[in-house]
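Participant:
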Amino acid sequence: MAEELKTDDKKQDEKNGVVCPMCGGGLQASDSSVSCKNRKLVKQGSSYIDVGDCDFFIPFKSKVFKRQLNGADVRKLLKGDQVTDAEGNKMTLDLTAENGFYTRIEFTKAKIRDFN
Ligand SMILES: [Zn+2]
């Protein structure tokens, strides 16, 4: 279940800069992601389509990032900071969402050695 932030908390969140970077709306957290309150998913057949005004979201889990994000990580990303996993891969916010996600992962280079 999504957890609605109380109206009273909204001012505090805006002060902390914890608002949607796309539309300035409030954010909400579920067990699996942080998303914009203006994002509205409706089920169509076996998949969900987005019918809201904004589709910003950050999932906590990623197949390629080696650890699960928490609330503090998401706040860091929203501030423009990067978060890293155990392998040194760097995740940053990417508002172009070219890959369908609002995060970009920069992978550490594979270890290269001379081949004899
Ligand atoms: Zn938004």
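Note that this note's numbering gives residue 16 to position 16 of the sequence shown, counting from 1, and the numbers run on in steps of one. Virtual Cβ for every residue (Gly too), placed ideally from N, Cα, C. It should be emphasised that the depicted structure is a prediction, and the values quoted were computed from it without experimental measurement.
1. Output needed for V64: all residues of its chain with C-beta closer than 7 Å, excluding positions within five of it in sequence on either side, in chain order.
2. Any heavy atom of ligand 1 within a distance shorter than 7 Å of the CB on G25?
3. Go ahead and pull the three-state DSSP assignment for A110.
4. On the three-state DSSP scale, how would you describe D55?
5. Assuming C54 and G25 make a contact with CB atoms under 8 Å, what is their CB distance in whole Å?
6. Less than 8 Å between the beta carbons of I49 and Y102, yes or no?
7. Opposite D94 in the DSSP bridges: which residues?
8. Grab me the residues of T108's own chain with a C-beta within less than 7 Å of its C-beta, minus the 5 sequence neighbours each way, in chain order.
9. When the Cα atoms are used, what is the spatial distance from C23 to G52?
10. Using a Cβ-Cβ cutoff of less than 6 Å, which residues in the same chain neighbour V74 once the five nearest sequence positions on both sides are dropped?
11. According to the neighbour-count rule (16 or more other Cβ atoms, all chains shown, within 10 Å of its Cβ), is V83 buried or exposed?
Facilitator: Put simply:
1. In the same chain as V64, and ignoring 5 residues on each side of it, the C-beta atoms closer than 7 Å to its own belong to I105, in chain order.
2. Yes - ligand 1 has a heavy atom lying nearer than 7 Å to the Cβ of G25.
3. Residue state for A110 is assigned as coil, using DSSP reduced to three classes.
4. In the structure shown, D55 sits in coil (DSSP, three-state: anything other than H, G, I, E or B).
5. That pair is a contact at about 6 Å.
6. Cβ atoms of I49 and Y102: not closer than 8 Å.
7. D94 is not bridged by DSSP to any residue.
8. Excluding sequence positions up to five before and after T108, its CB lies within less than 7 Å of the CB of E87, G88, N89, all in the same chain and listed in chain order.
9. Each residue's alpha carbon lies about 12 Å from the other.
10. Annotation for V74: V34, I58 place their beta carbon closer than 6 Å to its own, counting only its chain and skipping 5 residues before and after.
11. The residue is buried, with at least 16 neighbouring Cβ atoms inside 10 Å.
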